[in-house]
Amino acid sequence: MITSNTSIPFIKAENSENKFYLSRLTSEYNEGDSITTSTDINCRKLAIAIKAGDKITINGTSLTVYADAAVDATSFFVEEITLDEALNINANIAIDEDNMFVQYQRKTEGTVAGFDIDADGISKGGVEITGWLDSDTMEGATENNLPTAQSVKAYVDGQAGHSETLQEVTDNGNTTTNDITGASLTLGDGTTSESAKVFHSDGTYTKILGYGLQMSRVTSYIRPVVSDTSQLRLGNSDKNWTTINHYADYHIFYQAENEVMRITPSGNVGIGTTSPGALLHTAPSGSIGWSSLGNAGILIGANTGAGIGIDQNEIASKGDHMYIGTITTDKDLILRAGGSTNRIVVKGDTGNVGIGTTSPDKTLHVYNATVNEPIKIESGDSGAFAMFADNNTTGNNLIGATGNNLTFWTSSAEKMRITSAGNVGIGTTSPDQ
1 MITSNTSIPF IKAENSENKF YLSRLTSEYN EGDSITTSTD INCRKLAIAI
51 KAGDKITING TSLTVYADAA VDATSFFVEE ITLDEALNIN ANIAIDEDNM
101 FVQYQRKTEG TVAGFDIDAD GISKGGVEIT GWLDSDTMEG ATENNLPTAQ
151 SVKAYVDGQA GHSETLQEVT DNGNTTTNDI TGASLTLGDG TTSESAKVFH
201 SDGTYTKILG YGLQMSRVTS YIRPVVSDTS QLRLGNSDKN WTTINHYADY
251 HIFYQAENEV MRITPSGNVG IGTTSPGALL HTAPSGSIGW SSLGNAGILI
301 GANTGAGIGI DQNEIASKGD HMYIGTITTD KDLILRAGGS TNRIVVKGDT
351 GNVGIGTTSP DKTLHVYNAT VNEPIKIESG DSGAFAMFAD NNTTGNNLIG
401 ATGNNLTFWT SSAEKMRITS AGNVGIGTTS PDQ
């Protein structure tokens, strides 16, 4: 029950007269006056000003207060009435009339109050106004000052332009910087089906599904948890995918559903092959064929310009020159064939070429350990010659073969011949002796 000398709140309208009105009374009551009655008191539309500290003495069990407040009143204030008599717990305290309820909802969004409740109900002194709450800043909110739903809504609505728009509510107060923790957070319908979309946009593929997706400050990855396969696809829904596929430690790249490259667990990269045998292994479907560098396994430069193509059998260039060599003068260029044997050596310091030797001491040095004729000069027509000249030579000085005959030439003319029969002719091409 509410006992005597209890402070209870009521609403006073700040209208043009700043007064409440009492019905059934004929005179105005001022500060310090008291009203004593044994019946119900209905306050309605007769002048009596009630301010903080005024009293209404009640001997009955019911108090009804009506306020004649204009709909467009700009403010309401909560003040006190002191009771000198107990008011039973089931007694009526009513605030009504002239759209007061609508005004209350609109004008008291920041009202707060503290309540003490015991076994007998709301005890003496238990209902009082402890402070005002600013609905724009929430200033005045304490453990005893409770915001109304309207004030909270007004506060949140007013924070749209601020970083603290979303406020976590915990048992420590209205707002907190504490984390909200739990075993897990499930978005969607709690299943792993494709319909369990976390984000989607009506018919598009914007969604997050299933397991294996982690984004963090330290590590971000897409990893299968149950399945042996996961994919990252970039493209549209018409199979024009660029796909990174992870399967049993391999990374596989697809284009239009066809594998184009893979990285093995050992780090080998295969292009055109699913079993790369080296750090970079290319396996083109065709060969250069000395015509199209586009068939090369590796192309350096332009396909139509001065590029160099390399495939499994050839190295070709479309440029004016193709250089193979070493940078410094003391480094040799060595050509091997048939294993690790050095077949041809070009000395970096002298330019001497050695065939069969790694230490050529002449411009051309030919060596063979078992063959006595290591040099052969052959022509596809009727003669094969070796030319000798210095910087003053004007004609061709030749030694060569014409058929089975050995001939000697100076100034581009034959001067001597040894026939297959052993005859020697000087000035004649048909010696008989």
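My numbering numbers the first residue of the sequence shown as 1 and each following residue consecutively.
Glycine included, every Cβ here is placed at the ideal spot set by N, Cα and C.
Residue 329 in three-state terms, based on DSSP: coil
Own chain partners of residue 431 with C-beta closer than 8 angstroms, once the 5 adjacent residues on each side are dropped: 417, 419, 423, 424, 425
Environment of residue 262 [buried if 16+ CB atoms lie within 10 Å]: buried
Start-to-end residues for the beta strand (DSSP E) that takes in residue 387: 383–388
Nearest candidate by alpha-carbon position, reference residue 255, set 244, 280, 249: 244
Terminal residues of the beta strand (DSSP E) in which residue 398 lies: 397–402
Buried or exposed by the 16-neighbour rule on C-beta atoms within 10 Å, applied to residue 347: buried
Proximity winner among 358, 319, 404, 275, relative to residue 382 (alpha-carbon distances): 404
Residue 218, buried or exposed, once every other Cβ within 10 Å from all chains shown has been counted against 16: exposed
Sub-8 angstroms separation of residue 282 and residue 301 beta-carbons: no
Cβ-based burial, residue 434 [other Cβ within 10 Å; buried from 16]: The chain is shown from 1 up to 433; residue 434 falls before or after that span and cannot be answered.
Residue 276 burial status per 10 Å Cβ neighbour count (16 or more: buried): buried
Cβ distance (whole Å) where residue 414 is taken to contact residue 393 below 8 angstroms: So it is not a contact: roughly 17 angstroms between Cβ atoms.
Residues bridged to residue 316 [DSSP beta-bridge criterion]: 309
Euclidean distance between Cα positions of residue 316 and residue 391: 35 angstroms
Of the listed residues 344, 389, 407, nearest to residue 368 (C-alpha basis): 344
As assigned by DSSP and simplified to three states, the class of residue 416: strand
Cutoff 6 angstroms; reference residue 398; Cβ partners in own chain excluding five residues on either side: 385, 387, 409
Own chain, CB closer than 6 angstroms to residue 421, minus 5 neighbours either side, in chain order: none
N- and C-terminal bounds of the beta strand (DSSP E) containing residue 406: 405–410
Residues near residue 375 by beta carbon distance below 8 angstroms, same chain, minus five either side: 366
Which residues DSSP lists as bridging residue 365, in chain order: 354
Neighbourhood of residue 280 by C-beta distance below 6 angstroms, restricted to the same chain and skipping five residues each side: 269
Beta-ladder partner(s) of residue 342, from DSSP: 336
CA nearest to the CA of residue 233, picked from 220, 284, 253, 249: 253
Whole-Å CB distance - residue 334 paired with residue 342, under 8 angstroms assumed: 5 angstroms
Residue 252 CB to nearest heavy atom of the ligand FMN below 7 angstroms: The ligand FMN is not among the ligands present in this structure, which contains no ligands whatsoever.
Option in 322, 352, 320, 314 with minimal Cα separation from residue 331: 352
Three-state secondary structure assigned by DSSP to residue 281: strand
Run of the beta strand (DSSP E) containing residue 324, from where it starts to where it stops: It is not in any beta strand (DSSP E) - residue 324 carries neither H nor E in the DSSP assignment.
Residue range of the unbroken beta strand (DSSP E) whose run includes residue 424: 424–426
Start and end residues, beta strand (DSSP E) containing residue 375: Here residue 375 belongs to no beta strand (DSSP E), and DSSP marks it neither H nor E.
Cβ-Cβ distance between residue 322 and residue 310 below 8 angstroms: no
Among 327, 407, 299, 373, nearest to residue 314 - alpha-carbon criterion: 299
Residues near residue 349 in its chain [Cβ-Cβ closer than 8 angstroms; skip 5 each side]: 329, 330
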